[in-house]
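Comments concern the structure below.
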Amino acid sequence: MATIVVDVMLKPEILDPQGNAVASALPRLGFTFATSVRQGKRFEIVVDGEPTAAQLAEVEKAAEVLLSNPVIETYSVRVEN
Amino acid sequence: MRVGVITFPGTLDDRDATRAANVGGATAVALWHGDADLKNVDAVILPGGFSYGDYLRCGAISRFAPVMKLVIEAAGKGMPVLGICNGFQVLCESHLLPGALTRNSDLHFLCRDQEIEIVNNRTPWTNSFTAGEKITIPLKNGEGSFQCDDKTLALLEDEGRVIARYVGKNPNGSRNLIAGITNERGNVVGLMPHPEHAIDPLTGPTAQGLGFFTSILNAMVK
Chain C
28 MATIVVDVML
38 KPEILDPQGN
48 AVASALPRLG
58 FTFATSVRQG
68 KRFEIVVDGE
78 PTAAQLAEVE
88 KAAEVLLSNP
98 VIETYSVRVE
108 N
Chain V
2 MRVGVITFPG
12 TLDDRDATRA
22 ANVGGATAVA
32 LWHGDADLKN
42 VDAVILPGGF
52 SYGDYLRCGA
62 ISRFAPVMKL
72 VIEAAGKGMP
82 VLGICNGFQV
92 LCESHLLPGA
102 LTRNSDLHFL
112 CRDQEIEIVN
122 NRTPWTNSFT
132 AGEKITIPLK
142 NGEGSFQCDD
152 KTLALLEDEG
162 RVIARYVGKN
172 PNGSRNLIAG
182 ITNERGNVVG
192 LMPHPEHAID
202 PLTGPTAQGL
212 GFFTSILNAM
222 VK
């Protein structure tokens with residue numbers, strides 16, 4: 028079994044109120060390291076055996092059509108070992 | 002004149018939309034998300050709510066409901082479609098309208114009476130209003146901030162495709178105070194606030210929302 032990970036992030040120019048809320052909560056707890064925070068989504072897709080190139084292409088397609096909204100988001104696909 | 006009102010699992014406002022369509026003078030026809038038939042309707046309303054629990058993104062899963070395939074096809078041929086709130090989100094996810102609705106800028110779920118200005122009264126859903134007319138109807142959503150890239154925004158403005166704007170302080174961070182837009186052809190309209198909750202002063206802040214539902218009748222009779 029392998030896990031294909033799809034990370035979905037808001038495009039940099041899209042306002043991220045959740046990320047901003049996290050960024051302003053951090054210093055209140057004494058964590059002063061962050062200049063900004065962006066929040067995204069992570070999908071873990073489990074497949075049997077090593078993913079084939081065809082499977083990865085299908086996942087790319089699914090990421091484009093369903094997992095992300097290309098109007099406001101970008102995605103990246105990778106295999107996690 | 003038959004106006005279809007679609008119910009997805011998690012839709013809330015189908016009853017009010019049905020009532021508003023009937024009060025406006027049309028015959029409302031209930032459509033189910035799994036329907037493979039639009040039942041000879043002349044127009045379709047996608048009401049508000051939390052279709053499919055708003056999972057993944059608002060409207061993202063509803064877009065693939067069997068009935069949406071027919072709605073997308075019919076809209077392409079010019080059938081009037083109105084998406085209210087969650088319905089607007091579904092229309093954006095379906096690419097019938099440009100842009101996307103994102104989390105309100107202050108992260109709060111808003112529920113209040115909101116003044117909006119009807120900017121474009123040339124659509125089948127807004128022809129009962131005068132351009133520049135200000136109306137007050139409920140606004141209730143957590144993800145109502147209209148976002149798009151600069152090019153799309155310029156296109157919407159240049160082509161007069163913004164149909165309504167918020168009046169006063171921006172409630173949710175929407176670009177250019179956009180409360181509603183239409184497609185290039187003008188038959189598909191998305192609106193964040195809820196006209197169907199304001200058709201009778203007994204139950205709504207005003208009866209000014211009714212204009213959306215009398216407009217569709219005018220458009221069809223013409």
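So the sequence lines, in the order shown, correspond to chains C and V.
Counted the way this note's numbering counts, the first sequence spans residues 28 to 108.
Counted the way this note's numbering counts, the second sequence spans residues 2 to 223.
Don't be surprised by glycine CBs; every beta carbon is placed ideally from N, CA and C.
Note that this is a predicted model, so its numbers are computed, not measured.
Of all the beta strand (DSSP E) runs that stay within the bounds of the stretch 72 to 108 of chain C, which reach a length of 3 or more residues?
100 to 107
Whose Cβ in chain V lies nearer than 7 Å to the Cβ of L41(C)?
Per the sequence shown, the amino acid found at residue 41(C) is Ile instead of Leu. Those within 7 Å of I41(C) in chain V are T103 and Q148.
CB-CB under 7 Å to A180(V), same chain, minus the five flanking residues each way: which ones, in chain order?
I117, A165, R166, Y167, L192, M193 and P194
Mind checking who G191(V) pairs with in its DSSP beta bridge?
G84(V) and I182(V)
Taking the Cβ atom as the reference point for each residue, do Q115(V) and I41(C) lie within a distance shorter than 8 Å?
Going by C-beta atoms, Q115(V) is not nearer than 8 Å to I41(C).
Can you confirm whether L93(C), when its beta carbon is compared against all beta carbons of chain V, has any partner nearer than 8 Å?
Yes, contact with chain V.
Using a Cβ cut-off of 8 Å (strictly closer), state whether G174(V) contacts chain C.
Residue contact check for G174(V) against chain C: a CB pair falls below 8 Å.
Does chain C have any CB closer than 8 Å to the CB of S106(V)?
yes
Tell me where the alpha helix (DSSP H) around K70(V) begins and ends.
P67 to G77
Which parts of the stretch 124 to 174 of chain V are runs of the beta strand (DSSP E), unbroken and 3 residues or longer, counting only runs that do not cross its ends?
Here the runs fully enclosed are 135 to 142, 146 to 148 and 163 to 167.
By a C-beta neighbour count over all protein chains shown, 10 Å radius and 16 as the cutoff for buried, is P97(C) buried or exposed?
Residue environment: P97(C) is assigned as exposed (fewer than 16 neighbouring CB atoms within 10 Å of its CB, all protein chains considered).
On the three-pair Cβ rule with 8 Å, is the stretch 117 to 137 of chain V touching the stretch 64 to 75 of chain C?
no
Measure from the C-beta of G50(V) to each C-beta in chain C and report whether the shortest distance is under 8 Å.
no
Is V24(V) near F214(V), with beta carbons less than 8 Å apart?
yes
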